[in-house]
Amino acid sequence: MKVMISQPMRGKTEEQIREERKAIIEKFNNMHIEVIDTIFTDEPPKDCNVAVYYLGKSISAMKDIDAIYMDDGWREARGCRIEHQVAKEYGIKILYNDFFINKPELSTRII
Numbered sequence: 046m047k048v049m050i051s052q053p054m055r056g057k058t059e060e061q062i063r064e065e066r067k068a069i070i071e072k073f074n075n076m077h078i079e080v081i082d083t084i085f086t087d088e089p090p091k092d093c094n095v096a097v098y099y100l101g102k103s104i105s106a107m108k109d110i111d112a113i114y115m116d117d118g119w120r121e122a123r124g125c126r127i128e129h130q131v132a133k134e135y136g137i138k139i140l141y142n143d144f145f146i147n148k149p150e151l152s153t154r155i156i
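Residue numbers (the numbering used here): 46 to 156.
See the structure below:
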């Protein structure tokens, strides 16, 4: 089982993003669920829309996942909303923060 984290990043430092992500990854690892790394560090091409460039890389990564985890605040982040819509349209399981509270079987947690 492979999961991707959809996480709002605007207004956060790289350290804050990594710390939030680390806590989520630890929870998934405790459940023996693999989280794919979607923190991209490569430089975008010159004169491109940087936000769209990185969103494209995230959407490309979705081809390799079984589920996407929507972190707190995803509804206010346009990239997260787009990732959510892609998951919905293409039948990728969507997990929300209550997933860790309820811990349902992934096969029954289709949103």
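Every residue, glycine too, gets a C-beta built ideally from N, C-alpha and C.
Within the stretch 109-144, the complete alpha helix (DSSP H) segments of 4 residues or longer fall at 123-134, listed in chain order. The residues P89, in chain order, have a CB closer than 8 angstroms to that of V95 in the same chain once the five nearest residues on each side in sequence are set aside. Collapsing the DSSP output to three states places I84 in coil. The C-beta of S105 has fewer than 16 other C-beta atoms within 10 Å across all chains shown, which makes the residue exposed. Contact between S51 and D116 is confirmed by a C-beta separation of about 6 angstroms, below the 8 angstroms threshold. Judged by DSSP secondary structure, I62 falls outside any beta strand (DSSP E) and instead within the alpha helix (DSSP H) spanning 59-75. Inclusion of I139 and A112 in the CB contact set at 9 angstroms is warranted, their separation being smaller than that value. In the DSSP assignment, the residues bridged to K47 are E79. The three-state secondary structure of M54, taken from DSSP, is coil. If you look at K102, you'll find it in the alpha helix (DSSP H) that goes 95-106.
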